[in-house]
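Everything below concerns the one structure shown next.
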Amino acid sequence: MASITEIRAFLLGFEGVTVHETTPDYFFFPGAEQKFPFATIVTHDDPYDSASALDREGLFRLNMPTDKTTFGQLFPAIRSRRDLEATAFDYQAIDTLFPHPVYGRMRWVSVINPESTWAQCRLLLEVARQLRELRPDSW
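Going by my numbering, the residue at position 108 of the sequence shown is 254; the numbering climbs one at a time, nothing skipped.
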């Protein structure tokens, strides 16, 4: 499994990346401005986002935005917001990519405790970093 420490090190390996870590969660930004993150690591449930049951022992969820093409390749059955709302995803599945439980409609993708998906996550994170740098407010 890719640990939070390993994921954090990978993300901070991108030039100029900063992290906001004054909460139990981590928000990674393409620069010092810290306006729009390109990745987050969530370590607990809260009142508006508890679908992944992250309060279970040792779990965290890695989240990243994608573009329309990538999201469509990951979830070909999802062609509209209505499709997303009508499709049942297991938001508690470990090491499985799924649309973010709250921000999936904005094409964010999530995975709990990536292991076999870590290589794919690294590619998605590289793209998310580039997209966020080129179009910071496009999400």
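Positions of the beta carbon are idealized from the N, C-alpha and C atoms, including for glycine.
Mapping DSSP to helix, strand and coil, what is residue i?
i                 : result
tryptophan 285    : For tryptophan 285, the pLDDT reaches just 39, beneath the cut-off of 50, and the residue's location in the model is therefore unreliable, although a value from the coordinates is still provided. Coil at tryptophan 285, not helix or strand.
phenylalanine 156 : helix
alanine 274       : helix
threonine 164     : strand
alanine 148       : coil
alanine 185       : strand
arginine 268      : helix
Spatial neighbours of residue i within its chain, please: C-beta separation below 7 Å, excluding the five flanking residues on both sides.
i           : result
leucine 230 : Ile224, Pro245, Gly250 and Arg251
Between the beta-carbon of residue i and the beta-carbon of residue j, is there less than 7 Å?
i              : j                 : result
isoleucine 150 : phenylalanine 184 : no
tryptophan 264 : alanine 148       : yes
tyrosine 237   : serine 198        : yes
serine 262     : aspartate 241     : yes
proline 260    : leucine 208       : yes
Kindly list the residues whose CB is nearer than 8 Å to the CB of residue i, restricted to its own chain and excluding five residues on each side of it in sequence; keep chain order.
i           : result
glycine 204 : Asn259
proline 193 : none
**OP:** Output the residue ranges of the alpha helix (DSSP H) runs that lie fully inside the segment 187–224 and measure 4 residues or longer, sorted by chain position.
**Re:** 214–220
Original post:
Does the segment 160–178 come within contact of the segment 252–260, defined as at least 3 CB pairs closer than 8 Å?
Top reply: no
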